[in-house]
Structure formats: C-alpha cells, structure tokens
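Visitor: Here it is, the structure in full.
Structural data, given as structure tokens:
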C-alpha cells in the first residue's frame, strides 16, 4: 500500500425516506467545491439517528473501491449498483482495504487530518437502502466490506482532487480486519484481545465491546 491514495467524494447525505418508510441520511451525493470538516463531521452531512451515527468518534465514514468490487462479485446481478457513495460513506478510497487500514493511522486530506477510530458496524438501513435484505448480516458475519470510521484530528476544508496521504502510522498496527477477527473468531488470542481492548486510540465503544468479550471468554479466576 502506498502512503498516497486516490479517493472519490466527498459524499454528503440529506434526510431521505427509504423504501420501507424509514428516514435516514445514508443516501448521499457527491459534492463539488470546498467543504468544511470539523470534529462532528462534514458541515452539510445529515445523521438522522445520532445514537448510532455521527459524533466525534464517527465523524467520517470511509469505504473502499476494493469493497465495492467484492460486493459486485457477491451480487453479480446488482454489480452496477456498487459504485462510490452507494453505501452511504463520505469518502471512497482506492488502493487500501480493511487489512491495511489500522486504528490510529492518520491521513491528511486537504487541510484536514483524519484518524482511523473503529470499524464501521452497519445497521439494517444499509440493507434497506440497497434493497438487499441479507447485506448487513453478511457484513457482520464476515467482518468485511463495510469500511471504517474516523475522528477529525485537525479541522479544515477539503474538495475533490485534494491529495490524500498518510502522515502517521500507529505503532500497534491493529487493522480493521484484526478487530473483526477478535470479535467474530470463536477462540481469539487472549493477549491480542486484551491489548486491543486497552488501545487508547480505539473508539471507547469498541474497547468496551472487546473487554466484554474478554470477560466472557476468559473469566477471571475466583479467589479461594
């Protein structure tokens, strides 16, 4: 993977009624011109259900061209629908996937600096939006193809064509794929699970998720 990547976007959503009657901000459109990005995300991007979307730890959603190619192979009859922006992400990156995207890595885009904070855990609205009932379940079962979320370390303005380059590699090298493995594998490595649960740059909700899994799989010994 190169430290400089191609990307498309930014994609910005408005409050939209989905086919089954629920409102969401997942339907996004590409925006031209300079767009402000701060700790809460893009200035014009709408998050309808803020319990599970948006906020400082989920300010920017990133997907990859690799993921879209994967889903086009899984759903060949719908291959034409898997294009940048379709999954409701803000940015689509090329030349990277979940195996190479690591928690705590920082990327500069325009004036802004992003830090990868956690995997994207898609909700049922992605399936409803794409009209593929099993899509979200497939992602959660395999841990692949949903992308990741970023916090904003340095606010700024971005626009299509700005360079995207990695400016910091976190030494832990905990990838999005690694995190899904710790979550989904029946017998994750105890040491790796414990280390990930205490990684400060990992979003708090995911740290607690891993701690809970560690307590379940490796309960502390009771004092006699």
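In our numbering, the protein residues as written are 270 to 493.
All residues carry an ideal CB built from backbone N, CA and C; glycine is no exception.
#1: Buried or exposed for residue 359, going by 16 or more other Cβ atoms inside 10 Å?
#2: Would a C-beta distance cut-off of 7 Å place residue 295 and residue 394 closer than the cut-off?
#3: Just how far apart, CA to CA, sit residue 415 and residue 473?
#4: Taking its Cβ as the centre, do 16 or more other Cβ atoms sit within 10 Å of residue 485, making it buried, or is it exposed?
#5: Would you mind reading off the limits of the alpha helix (DSSP H) that contains residue 450?
#6: Would you be able to state if there are at least three C-beta pairs under 8 Å between the stretch 363-370 and the stretch 341-352?
#7: Note down, one range per segment and in chain order, each alpha helix (DSSP H) of at least 4 residues found wholly within the stretch 415-483.
#8: My output table needs one value for residue 350: the three-state DSSP class, helix, strand or coil.
#9: When the Cα atoms are used, what is the spatial distance from residue 312 to residue 305?
#10: Answer with buried or exposed for residue 325, where buried requires no fewer than 16 other C-beta atoms within 10 angstroms of its C-beta.
Guide: In short:
#1: So residue 359 counts as buried.
#2: A contact, by the Cβ cut-off of 7 Å.
#3: So the two alpha carbons sit approximately 19 Å from each other.
#4: By the neighbour-count definition (other C-beta atoms within 10 Å, threshold 16), residue 485 is an exposed residue.
#5: Where residue 450 is concerned, the enclosing alpha helix (DSSP H) stretches over 445-453.
#6: Counting Cβ pairs under 8 Å, fewer than three are found: no touch.
#7: If we require 4 residues or more, the alpha helix (DSSP H) runs fully inside the stretch 415-483 come out as 445-453 and 459-466.
#8: Note: residue 350 maps to helix in three-state DSSP.
#9: Whole-angstrom Cα-Cα distance: 6 Å.
#10: So residue 325 counts as exposed.
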